[in-house]
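Residue numbers for the sequence shown follow full-length UniProt numbering, beginning at 1 and rising by one. C-beta: ideal position from N, C-alpha, C; glycine also. Just so you know, these numbers come straight off a predicted model, no measurement behind them.
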Amino acid sequence: MNNPEVIYANLTGDSEPFVTDSLCVNCEQQGKTTILLTKIPMFSNIIIVSFDCEHCGYKNNEVQFGGEIKEKGIKLHLKVSEPKDLQRQIIRSEFCKALIPELEFEMPSNKKSSINTLEGFLQNIIDDLSHDQPIRKYTQVEVHDRIEYIIGKLKEFKEGQGLPFHWIMEDPSGNSFIQNLNELQEDPQLKIQHYIRTIEELEAMGYSAENQKQEVQQIQQQQQIIADPIHQGTEQIQASGQNFAQPIEDSVKTESINIPTPCNVCKEMGENKMCTVTIPHFKEILIMSFNCGFCGFKDTEVKATGEISKQGKIIELKFENENDLCRDVFKSDTAKLIIPDIELELGTGTLGGVYSNVEGLLEQILTRLRDNNPFVGDSADEDYKKKMESIFQKLEEFKSGKSKFTLIIRDLVENSFIQNPYYPNEDNQVKIALFDRTPEDNDELGIDTMKTENYQN
Numbered sequence: 001m002n003n004p005e006v007i008y009a010n011l012t013g014d015s016e017p018f019v020t021d022s023l024c025v026n027c028e029q030q031g032k033t034t035i036l037l038t039k040i041p042m043f044s045n046i047i048i049v050s051f052d053c054e055h056c057g058y059k060n061n062e063v064q065f066g067g068e069i070k071e072k073g074i075k076l077h078l079k080v081s082e083p084k085d086l087q088r089q090i091i092r093s094e095f096c097k098a099l100i101p102e103l104e105f106e107m108p109s110n111k112k113s114s115i116n117t118l119e120g121f122l123q124n125i126i127d128d129l130s131h132d133q134p135i136r137k138y139t140q141v142e143v144h145d146r147i148e149y150i151i152g153k154l155k156e157f158k159e160g161q162g163l164p165f166h167w168i169m170e171d172p173s174g175n176s177f178i179q180n181l182n183e184l185q186e187d188p189q190l191k192i193q194h195y196i197r198t199i200e201e202l203e204a205m206g207y208s209a210e211n212q213k214q215e216v217q218q219i220q221q222q223q224q225i226i227a228d229p230i231h232q233g234t235e236q237i238q239a240s241g242q243n244f245a246q247p248i249e250d251s252v253k254t255e256s257i258n259i260p261t262p263c264n265v266c267k268e269m270g271e272n273k274m275c276t277v278t279i280p281h282f283k284e285i286l287i288m289s290f291n292c293g294f295c296g297f298k299d300t301e302v303k304a305t306g307e308i309s310k311q312g313k314i315i316e317l318k319f320e321n322e323n324d325l326c327r328d329v330f331k332s333d334t335a336k337l338i339i340p341d342i343e344l345e346l347g348t349g350t351l352g353g354v355y356s357n358v359e360g361l362l363e364q365i366l367t368r369l370r371d372n373n374p375f376v377g378d379s380a381d382e383d384y385k386k387k388m389e390s391i392f393q394k395l396e397e398f399k400s401g402k403s404k405f406t407l408i409i410r411d412l413v414e415n416s417f418i419q420n421p422y423y424p425n426e427d428n429q430v431k432i433a434l435f436d437r438t439p440e441d442n443d444e445l446g447i448d449t450m451k452t453e454n455y456q457n
């Protein structure tokens with residue numbers, strides 16, 4: 001082995017599994033267990049375990065997560081409205097519970113991770129529910145009838161009838177996943193929410209919650225810290241003249257407020273630096289840079305400041321030459337990105353807030369598409385792989401300035417910006433248009449639920 005330090009390898013056609021003898025739980029004869037350690041790019045390290053007994057034919061497959069739990073828990077809400085949605089690949093961790101609200105049905109976590117299509121999961125549920133039905137028919141008649149109704153509805157769903165229905169997954173470990181059938185477009189049927197897990201959820205996964213209990217006390221103490229922040233320097237950071245090739249953390253050193261903050265990964269105290277940056281001819285933005293000296297975790301967020309605008313904004317840039325790669329860009333976390341030349345659409349919040357130039361933004365898009373899709377690999381559909389490789393090639397051409405393209409930022413509020421290098425003259429390559437938000441847009445921003453009067457009560 002040339003690289004003994006590599007424990008989890010990328011899954012390829014040449015991947016070698018580890019095979020060992022193990023006892024069959026069914027017939028107590030010797031069977032074969034095949035173990036493959038691999039990693040899904042930017043998702044998780046996984047252990048694929050497959051047992052096969054040649055004596056009795058018993059088989060068992062299991063997926064285990066070899067990496068750490070995610071920083072936050074995850075809730076995935078899928079609206080199944082078409083038969084093709086049943087073919088979505090789903091990764092369900094051992095801590096994940098699944099719900100079908102139309103049937104008031106909940107499948108609790110079973111300490112066993114699995115990968116399957118939605119259709120496969122529905123069939124597994126049908127099989128499990130049907131197992132003891134003959135006994136329930138005589139011992140628990142009402143329960144039998146209720147389960148029989150659920151089984152009937154699940155069979156309809158599995159055949160693509162009785163749609164739509166909703167498939168919800170709640171996973172405190174953050175390791176579950178539902179495939180987007182078109183990775184290049186925003187998935188209107190899939191809503192993803194990340195949340196801070198509770199102490200009870202952490203303990204249920206077998207982790208010590210002592211640090212998390214201390215975190216609650218530390219957060220309560222932060223009010224005193226914020227009231228007396230540590231200021232460094234006297235000059236406000238200006239966007240002009242900044243070296244964006246440097247890590248954004250380096251830009252926080254001129255003037256910042258330092259606040260001790262518990263690390264989301266190890267729960268030890270780290271340092272959160274915050275400062276404002278003025279983008280010329282636009283507005284101030286807030287840069288937050290967290291660094292944990294204990295575990296090395298780093299995180300950077302960029303937020304726009306000020307009130308929520310009455311309208312949204314669409315910015316369209318026609319790329320003409322390599323000079324356009326150097327234009328400063330701020331994409332807020334309420335904006336979606338569209339590149340119509342390759343039919344690419346990234347939903348609001350996909351990349352978070354990004355303050356870079358056009359080249360840096362394209363690099364982040366490329367990294368997101370290459371590394372954040374668990375189903376791009378040797379096992380993926382050949383046509384899909386060819387399509388994605390073509391997209392990657394075009395993005396590389398855009399990033400190097402070899403091809404012209406159009407970049408569109410659609411922001412629900414007026415918080416995004418593309419630099420005009422000709423200011424105060426007009427920029428003929430950029431079009432800006434305002435639009436009225438729809439009720440769905442306002443709901444996404446949470447505007448309709450904001451309480452702006454008598455909020456003291």
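- Is the beta carbon of K153 sitting closer than 7 Å to the one on L78? In the sequence shown, residue 153 corresponds to position 153, counting from 1. In the sequence shown, residue 78 corresponds to position 78, counting from 1. No.
- Message: In the DSSP output, which residue or residues are listed as bridge partners for M269?
- Response: For the purposes of this step, residue 269 is taken as residue 269 along the sequence shown, with counting starting at 1. BP columns for M269 point to P262.
- Name the two residues that bound the continuous beta strand (DSSP E) containing F330. Taking the sequence shown and counting its residues from 1, one reaches residue 330 at position 330. F330 -> beta strand (DSSP E) spans D328 to K331.
- Taking Cβ positions only, does Q364 come closer than 7 Å to chain B? Any reference to chain B falls outside this structure, which holds one protein chain only.
- Task: Run through the stretch 99–137 for me and flag every whole beta strand (DSSP E) of 3 or more residues, listed as ranges in chain order.
- Result: Complete beta strand (DSSP E) runs here, min 3: 105–107 and 114–117.
- Task: Kindly give me the distance between the Cβ atoms of F405 and I339, rounded to whole angstroms, as I take these residues to be in contact under 8 Å.
- Result: By 1-based counting over the sequence shown, the position of residue 405 is 405. By 1-based counting over the sequence shown, the position of residue 339 is 339. About 6 Å separates the two Cβ atoms, so the contact holds.
- Message: Mapping the DSSP letters down to three states, classify G182 as helix, strand or coil.
- Response: Taking the sequence shown and counting its residues from 1, the one referred to as residue 182 is at position 182. At residue 182 the sequence reads Asn, which differs from the Gly that was named. The three-state reading of DSSP puts N182 in coil, since its state is none of H, G, I, E or B.
- Message: Which of the three DSSP states is assigned to G360 in this structure?
- Response: On the sequence shown, position 360 is the one that residue 360 refers to. Note: G360 maps to helix in three-state DSSP.
- Message: By the three-class DSSP mapping on this structure, what secondary structure does K386 have?
- Response: By 1-based counting over the sequence shown, the position of residue 386 is 386. K386 falls in the helix class under three-state DSSP.
- Would you report the Cα separation of D145 and Q123, rounded to the nearest angstrom? Working through the sequence shown from its first residue, we reach residue 145 at position 145. Working through the sequence shown from its first residue, we reach residue 123 at position 123. Separation of D145 and Q123 (C-alpha to C-alpha, rounded to the nearest whole angstrom) is 19 Å.
- Query: In angstroms, rounded to a whole number, what distance separates the CA positions of G446 and N258?
  - Reply: The sequence position of residue 446 within the sequence shown is 446, counting from 1. The sequence position of residue 258 within the sequence shown is 258, counting from 1. Going from the Cα of G446 to the Cα of N258 covers about 29 Å.
- How is the alpha helix (DSSP H) around N442 delimited, first residue to last? Here residue 442 refers to the residue found at position 442 of the sequence shown. For N442, the enclosing alpha helix (DSSP H) begins and ends at P439 to L445.
- Message: Taking the beta strand (DSSP E) that K75 belongs to, which residues open and close that run?
- Response: Counting from 1 along the sequence shown, the entry for residue 75 is found at position 75. G73 to V80 is the extent of the beta strand (DSSP E) around K75.
- Query: Y138: buried (16+ other C-beta within 10 angstroms of its C-beta) or exposed?
  - Reply: Stepping through the sequence shown from its first residue, residue 138 is reached at position 138. With fewer than 16 Cβ atoms within 10 Å of its Cβ, Y138 is classed as exposed.
- Task: Express the C-alpha separation of N272 and G233 in angstroms, rounding to a whole number.
- Result: Against the sequence shown, residue 233 aligns to sequence position 233. Against the sequence shown, residue 272 aligns to sequence position 272. No answer about G233 holds up, because its pLDDT of 35 lies below 50 and its placement is not dependable.
- Do you know how far the Cα of D383 is from the Cα of L86? Here residue 86 refers to the residue found at position 86 of the sequence shown. Here residue 383 refers to the residue found at position 383 of the sequence shown. Cα to Cα, the separation comes out at about 20 Å.
- Which residues mark the beginning and the end of the beta strand (DSSP E) in which E284 is found? As a working note, residue 284 is residue 284 in the sequence shown. E284 to N291 is the extent of the beta strand (DSSP E) around E284.
- Validate contact between the stretch 89–99 and the stretch 158–172 using beta carbons, cut 8 Å, 3 pairs: Contact between the stretch 89–99 and the stretch 158–172 is present: three or more C-beta pairs spanning the two stretches fall below 8 Å.
- Report buried or exposed for Y355, applying the criterion of at least 16 other Cβ atoms within 10 angstroms of its Cβ. Residue mapping note: residue 355 aligns to position 355 of the sequence shown, counting from 1. Label assigned to Y355: buried.
- Item | Nearest neighbour of K70, chosen from L434, F95 and Q364 [CA to CA] | For the purposes of this step, residue 70 is identified with residue 70 of the sequence shown, where counting begins at 1. In this structure, F95 is the residue among L434, F95 and Q364 with its C-alpha nearest to the C-alpha of K70.
- Message: Given a cut-off of 7 Å on the beta-carbon distance, is the pair I287 and C295 in contact?
- Response: Walking along the sequence shown from the start, residue 287 turns up at place 287. Walking along the sequence shown from the start, residue 295 turns up at place 295. Contact: no.
- Is it right to say C326 is buried, meaning 16 or more other beta carbons lie within 10 angstroms of its own, or is it exposed? In the sequence shown, counting from the first residue as 1, residue 326 sits at position 326. With fewer than 16 other beta carbons inside 10 angstroms of its own, C326 counts as exposed.
- How is G31 classed by DSSP in three states: helix, strand or coil? As a first step, residue 31 is located in the sequence shown; it is residue number 31 there, counting from the start. In the structure shown, G31 adopts extended strand secondary structure according to DSSP, grouped into three states.
- Item | Close-in-space but distant-in-sequence residues of the same chain around H194 (CB under 6 Å, 5 per side omitted) | Locating residue 194 in the sequence shown gives position 194, counting from the first residue. Contacts found: K72 and I74.
- Rounded C-alpha distance that separates Q429 from P188: Residue 429 sits at position 429 when you count from the first residue of the sequence shown. Residue 188 sits at position 188 when you count from the first residue of the sequence shown. Cα-Cα distance, rounded: 30 Å.
- Report the rounded CA-to-CA distance for T20 versus G347, giving the unit in angstroms. Position 20 of the sequence shown, counting from 1, holds the residue named residue 20. Position 347 of the sequence shown, counting from 1, holds the residue named residue 347. Between the alpha carbons of T20 and G347 lies a gap of roughly 45 Å.
- Message: Taking a contact to mean a Cβ-Cβ separation below 7 Å, would you say L351 touches L395 in this structure?
- Response: Position 351 of the sequence shown, counting from 1, holds the residue named residue 351. Position 395 of the sequence shown, counting from 1, holds the residue named residue 395. Contact: no.
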